[in-house]
Amino acid sequence: MRWSQSYIFTAREAPKDAEVVSHRLMVRAGLIRKLAAGIYSYLPLGWRSMEKMMAIVRREMNAAGAAELVMPAIQPAELWRESGRWQAYGVELLRMHDRHKRDFCFGPTHEEVITDIVRRDVKSYRQLPFNLYQIQVKFRDEMRPRFGLMRGREFLMKDAYSFDIDDAGLDVAYEAMRTTYCKIFEACGLDYSMVEADTGTIGGSASHEFMVVADTGESAVVRCPDCGYAANVEKAEIGDLETPAPAAAEELRRADTPGQTTVDEVAGFLEVEPSRVVKTLLYQTDKGPVAALIRGDRELNEVKLGNVVGATELRLAREDEVEELSGAPVGFAGPVGLSGDVRLIADQTVRPLTNFVCGANAADAHHTGVNWDRDLPDLAEWEDLLLAGRGDPCPRCDGTLELYRGIEVGHIFRLGTKYSEAMSCTYTDEAGELKPMVMGCYGLGIGRTVAAAIEQNHDDDGIIWPLPLAPHEVALLSLDPSDPAVAQVADGLYDRLREKGVDLIYDDRDERPGVKFKDADLIGFPVRVVVGKRSLAEDRVEISTRRQREKMMVPTASAVATTLELLLD
RNA sequence: CGGGGCGUAGCUCAGCCUGGUAGAGCGCACGGUUCGGGACCGUGAGGCCGGAGGUUCAAAUCCUCUCGCCCCGACCA
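Each residue of the first sequence is one higher than the one before, starting from 601 at the first, in this note's numbering.
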């Protein structure tokens, strides 16, 4: 490809809304252009990288025995009503209607459609299992799109769906996708990790996320360096925490705590450890009000609480709601004497506490000397509600958890029969019995992975593409295109490299050398070949790599061979 | 959805408080000098100051409404 014939517009400055490095560089390098909030055009260079990503995905998916198809982006509401998600999905689902006022949505995911396809065709266990995938444009009406392709509203995603006769079959399909995903991210040259994850609204029994490690990632992940346990903090379990030694029950007392509303204030005021204060967090859910009881020195994991409650909606109660539920201003709620309308759920780590402190459901007052068996004998729900963090004990070994951030680029779910049951996607087994198919679903963000690759591979001058994702592997710069000798050598190299199948861009523009160098660095082509008057006088060209930046002067005659060698490394 | 901010040239932004001929840098065009790390000088094109209404002799500037965008939070994955 000749630069002068392509469509490449780089910019010295990034738009002010670009906060993260990948977004800034993708815009500056002319890879993407924003059309509306969270909606981007892929410009020629950006699309080339996307295509390379998709080629890797297709290669590995096909190798795993999955078959590609493409489903409609626009989907009828009936299917979503059948699965129950027309109600459940909420405002992220972009809904629309046609001229006949029939409801449709722009698909944020395709479980309904694939299930509908399969249930029409597949009737027998003899026709199972299989795995179908597509690469499709999705739309999720994120309330806060940001970070360019990392959190867009319209985005390209590879989604795959496996269908099996039973859980054992799903295990095999799931395992195959797990290894396939590892191969894909390895092929992209990314530093990633696989972590246990919450299943979210897609549902199902188990899931893993693939995280590209990056400080700007939106997901927090814990990992045990000893045994390798890794999980999204939303899901992460925690090993046994140290608990204060039990003591003989003291009297239940009411203490005046004027203006002491936070755990630290109360603990300091009453001179007790924050871990001996039980904080009561009031939530409103679609299943009614809930009070979560957790240790004062810990944070609540809202995802865990939501799962325990079985809620699809869950939010911290507003001030006025807290007053209504507890009869006290925010900061003084407690389990003792709380309205029976509120469902009490306690974190399991508060169970060993004796003589602890909690709010008294009255302004400026707390209880001290509280003991579960005596003061709250009816409390029955003990669950894991803690948010894991740095320094927590590993749930699987004696290690200590580390905390880091990652970009979620892939997510695989064991769906089970959630959709096949809701939508009657059944088969007849050997015994002639009708059974729901057992499904898995496997998502992978194409644009997000490309963005994550940049997030992980850049410097002050621009992108440092991993070779497999670079829009072009080699940039051939002609510094003096109007000089006949330079033009002849550069044209010759261009032809010979193309004959060798090298994916290269030939900067034949009538621009100053500095401009070409800056552009090549910004876009980040892995290998650069420079032909200029100066070096050509010694019959040499300069070849360098973007990452190492080591320049070597090689005889013109061996330039092609040297370039090919660099591409092999 | 709540709080805050911003919409002025293709891009980044000044001007607005205190109303009176619309600005800079980058980019673009032309001429010249340059030519291995985003050159320099000169000339020039380019804006219904997001949109609608209002106040005023006069509105980019003040007021109201509206649309779009951004940030923080809530929330969602």
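Yeah, the Cβ is synthetic: ideal placement off N, Cα and C, and Gly gets one too.
Where does residue i sit, in a helix, a strand or coil, going by DSSP?
i: residue 1063; result: strand
i: residue 782; result: helix
i: residue 872; result: coil
i: residue 1116; result: helix
i: residue 846; result: coil
i: residue 1162; result: helix
i: residue 655; result: helix
i: residue 988; result: coil
i: residue 808; result: strand
i: residue 662; result: helix
i: residue 1172; result: Because the chain in this structure spans residues 601 to 1169, residue 1172 falls outside the shown range and cannot be described.
i: residue 913; result: coil
i: residue 1097; result: helix
i: residue 1102; result: coil
i: residue 710; result: coil
i: residue 1017; result: coil
i: residue 832; result: strand
i: residue 1156; result: helix
i: residue 993; result: strand
i: residue 731; result: strand
Output the distance between the C-alpha atoms of residue i and residue j, rounded to the nearest integer angstrom.
i: residue 786; j: residue 816; result: 21 Å
i: residue 965; j: residue 981; result: 25 Å
i: residue 592; j: residue 606; result: Outside the displayed span of the chain (601 to 1169) sits residue 592, for which this structure offers no information.
i: residue 781; j: residue 1049; result: 12 Å
i: residue 687; j: residue 677; result: 10 Å
i: residue 696; j: residue 617; result: 29 Å
i: residue 638; j: residue 625; result: 16 Å
i: residue 821; j: residue 1161; result: 44 Å
i: residue 950; j: residue 703; result: 49 Å
i: residue 940; j: residue 893; result: 15 Å
i: residue 1092; j: residue 1071; result: 22 Å
i: residue 899; j: residue 924; result: 24 Å
i: residue 631; j: residue 840; result: 49 Å
i: residue 1108; j: residue 601; result: 10 Å
i: residue 1175; j: residue 658; result: There is no way to answer for residue 1175, as the model of the chain reaches only from 601 to 1169.
i: residue 1043; j: residue 707; result: 14 Å
i: residue 768; j: residue 1024; result: 21 Å
i: residue 1142; j: residue 1165; result: 14 Å
i: residue 699; j: residue 917; result: 41 Å
When the distance is taken between beta carbons, is residue j closer than 9 Å to residue i?
i: residue 955; j: residue 849; result: yes
i: residue 938; j: residue 861; result: no
i: residue 1081; j: residue 1119; result: no
i: residue 668; j: residue 661; result: yes
i: residue 733; j: residue 773; result: no
i: residue 722; j: residue 1027; result: yes
i: residue 929; j: residue 936; result: no
i: residue 642; j: residue 752; result: no
i: residue 683; j: residue 1039; result: no
i: residue 891; j: residue 945; result: yes
i: residue 776; j: residue 835; result: no
i: residue 1126; j: residue 1096; result: no
i: residue 1140; j: residue 1156; result: yes
i: residue 756; j: residue 1016; result: no
i: residue 710; j: residue 1051; result: no
i: residue 889; j: residue 942; result: yes
i: residue 831; j: residue 837; result: yes
i: residue 826; j: residue 999; result: yes
i: residue 882; j: residue 819; result: no
i: residue 1041; j: residue 1013; result: yes
i: residue 823; j: residue 1001; result: yes
So is residue i buried or exposed if we call it buried at 16+ other beta carbons inside 10 Å?
i: residue 1009; result: buried
i: residue 1055; result: buried
i: residue 604; result: exposed
i: residue 1105; result: buried
i: residue 724; result: exposed
i: residue 670; result: exposed
i: residue 664; result: buried
i: residue 736; result: buried
i: residue 1121; result: buried
i: residue 740; result: buried
i: residue 808; result: buried
i: residue 1158; result: exposed
I believe residue i touches residue j by the beta-carbon criterion, under 8 Å. Please report the beta-carbon distance rounded to the nearest angstrom.
i: residue 875; j: residue 896; result: 6 Å
i: residue 902; j: residue 948; result: Between residue 948 and residue 902 the Cβ distance is about 17 Å, and since that is not below 8 Å, they are no contact.
i: residue 968; j: residue 855; result: 5 Å
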